[in-house]
Amino acid sequence: AKHRAIDHFRRNKLLERKHEEVGREIEAQLETAAPDPDAAIDDDIGDDLLRLMFTACHPVLSAEARVALTLRLLGGLTTDEIARAFLVPETTVAQRIVRAKRTLAEADIPFEVPRGADRDVRLSSVLEVLYLVFNEGYAATAGEDWIRPQLCEEALRLGRVLAGLAPQEPEVHGLVALMEIQASRFAARVGPSGEPILLLDQNRSLWDRLLIRRGLAGLERAEALGRVPGPYLLQAAIAACHARARDPAETDWVRIAALYETLARLMPSPVVELNRAVAVSMAFGPAAGLELVDALTSEPALKGYHLLPSVRGDLLGKLGRHDEARTEFERAATLTRNARERALLLDRAASARGSAT
């Protein structure tokens with residue numbers, strides 16, 4: 577118990593130093609803030625699909641309804657895929673979409689390009705749509721394929737268009753940077769037969785260096801605008817930590833854990849906490865990560881989320897608790913709707929079973 581207390585104290589001290597570093601970076605950005613942040617978006621939306629996205633993201637709708645409607649009508653996602661992205665029942669998403677259509681019709685909302693402040697209000701919804709469409713392509717929730725590159729390509733294309741139209745919006749540049757860096761891993765993310773390859777097992781020589789350079793440049797543009805970092809900029813900074821590491825051993829997991837803690841304060845979410853737990857486990861050991869994961873097991877939003885038992889199984893395996901790890905991987909396999917991911921999880925369960933004997 578004494579050693580655990582000392583380890584906990586050391587972890588906290590190290591995280592505090594990293595928080596101070598992040599805080600100093602934020603303060604430096606604020607000191608060099610852009611003089612005219614309100615000059616955000618040029619009045620001419622140059623892409624028809626973005627025009628439709630802004631229209632569907634009308635403030636007469638709730639934030640949840642705007643995103644669900646846009647994803648269904650314009651992002652090409654099914655109600656099931658949207659539900660899994662939001663961690664809510666499919667019926668809830670279907671009802672949101674039906675009500676959103678009815679609300680727009682009853683309010684007689686014109687399908688036109690919003691201007692000025694109205695467009696700024698809708699920007700966050702458009703960014704969330706692009707983020708969720710990209711995520712669905714990056715790790716498909718269902719089907720036979722682990723990734724759906726066409727979804728990522730479309731989200732990235734629209735993000736680049738939006739970045740050109742919103743040069744003073746750091747979150748736009750942050751999201752594009754995040755997507756560029758994540759997309760750089762596609763060639764290494766699947767094996768010859770389409771099987772998933774996890775981040776730490778990827779051949780990093782296959783990463784697309786041009787996309788990484790573009791992503792890092794986008795992150796620099798976002799930071800140079802001098803605003804307090806938002807969720808997309810923070811996630812881009814996390815992705816950049818991975819992109820800069822020539823091999824997994826060089827990854828600055830302590831900084832990643834600190835960035836996730838900053839993200840969790842800004843955007844509280846059980847999924848963010850789960851990601852933070854992974855980073856903590858890599859920075860301070862699997863026991864420290866498992867402690868955080870176990871605290872999430874009673875979280876209602878994660879009840880059917882396959883990555884919770886998957887992460888728990890990974891940490892249990894690292895601690896030598898292979899029977900428990902096998903059970904967690906098998907449970908995760910029953911929760912995912914993606915065939916490739918299910919096969920991966922069952923393989924990991926079999927490996928845990930072999931290690932236990």
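Just remember that our numbering sits 576 ahead of the position in the sequence shown, which is counted from 1. By construction, the Cβ of each residue, glycine as well, lies at the ideal position given by its N, Cα and C atoms.
Please work out which residues of its chain come closer than 7 Å, Cβ to Cβ, to residue i, disregarding the five sequence neighbours upstream and downstream, and give them in chain order.
{"i": "GLU917", "result": "TRP722, PRO772"}
{"i": "GLU640", "result": "ARG672"}
{"i": "PRO665", "result": "ALA659"}
Using the three-state DSSP reduction, which class does residue i fall into: helix, strand or coil?
{"i": "ALA718", "result": "strand"}
{"i": "ASN711", "result": "helix"}
{"i": "PRO807", "result": "helix"}
{"i": "VAL766", "result": "strand"}
{"i": "ARG913", "result": "strand"}
{"i": "PRO885", "result": "helix"}
{"i": "PRO772", "result": "strand"}
{"i": "SER931", "result": "helix"}
{"i": "SER874", "result": "coil"}
{"i": "ARG683", "result": "It is worth fixing the name first, because residue 683 is Ala in this sequence and not Arg. ALA683: coil per DSSP, three-state reduction."}
{"i": "ASP696", "result": "helix"}
{"i": "ARG642", "result": "helix"}
{"i": "LEU892", "result": "helix"}
{"i": "SER781", "result": "helix"}
{"i": "LEU650", "result": "coil"}
{"i": "SER701", "result": "helix"}
{"i": "ARG902", "result": "helix"}
{"i": "ARG761", "result": "coil"}
{"i": "ARG924", "result": "helix"}
{"i": "ARG675", "result": "helix"}
For the alpha helix (DSSP H) holding residue i, just list the boundary residues, first then last.
{"i": "TYR881", "result": "Taken as a continuous stretch (DSSP letters only), TYR881 belongs to no alpha helix (DSSP H), as it is neither H nor E."}
{"i": "ARG849", "result": "Checking the sequence, you will find Glu at residue 849 rather than Arg. Unbroken alpha helix (DSSP H) run through GLU849: 846-860."}
{"i": "ASP823", "result": "It is not in any alpha helix (DSSP H) - ASP823 carries neither H nor E in the DSSP assignment."}
{"i": "PRO725", "result": "725-741"}
{"i": "ARG831", "result": "829-842"}
{"i": "GLY745", "result": "Position check: residue 745 holds Glu in this sequence, whereas Gly was assumed. No alpha helix (DSSP H) contains GLU745, which DSSP labels as neither H nor E."}
{"i": "THR655", "result": "655-662"}
{"i": "LEU637", "result": "No alpha helix (DSSP H) holds LEU637; DSSP gives it neither H nor E."}
{"i": "LEU792", "result": "785-800"}
{"i": "ARG627", "result": "624-632"}
If you drop the 5 nearest sequence neighbours on each side, which residues of the same chain put their C-beta closer than 6 Å to that of residue i?
{"i": "ARG897", "result": "none"}
{"i": "ALA731", "result": "LEU706, VAL709, PHE710"}
{"i": "ASP520", "result": "The structure shown does not extend to residue 520, since the chain is modelled only from 577 to 933, so the question has no answer here."}
{"i": "ILE814", "result": "ILE832, LEU835"}
Within the same chain, show all residues whose beta-carbon is closer than 8 Å to that of residue i, passing over the 5 residues directly before and after it, in chain order.
{"i": "PHE905", "result": "PRO885, SER886, GLY889, LEU921, LEU922, ARG924, ALA925, ALA928"}
{"i": "ARG913", "result": "ASP656, ARG660, THR717, ALA718, GLY719"}
{"i": "ALA840", "result": "VAL848, GLU849, ARG852"}
{"i": "ARG822", "result": "ARG780"}
To the nearest whole angstrom, what separates the beta carbons of residue i and residue j, a pair I think is in contact under 8 Å?
{"i": "LEU801", "j": "THR838", "result": "Going by Cβ atoms, the distance from LEU801 to THR838 rounds to 18 Å, so no, they are not a contact pair."}
{"i": "LEU866", "j": "GLU849", "result": "With 8 Å as the limit, LEU866 and GLU849 do not qualify as a contact, their Cβ atoms being about 13 Å apart."}
{"i": "GLY794", "j": "GLU747", "result": "Not a contact, Cβ separation roughly 11 Å."}
{"i": "GLN758", "j": "TYR714", "result": "6 Å"}
{"i": "LEU628", "j": "THR679", "result": "In fact, because the Cβ distance is near 17 Å, the residues do not count as touching under 8 Å."}
{"i": "ALA812", "j": "ALA753", "result": "4 Å"}
{"i": "ALA901", "j": "LEU892", "result": "4 Å"}
{"i": "PRO844", "j": "LEU872", "result": "Between LEU872 and PRO844 the Cβ distance is about 12 Å, and since that is not below 8 Å, they are no contact."}
{"i": "ILE658", "j": "ARG648", "result": "6 Å"}
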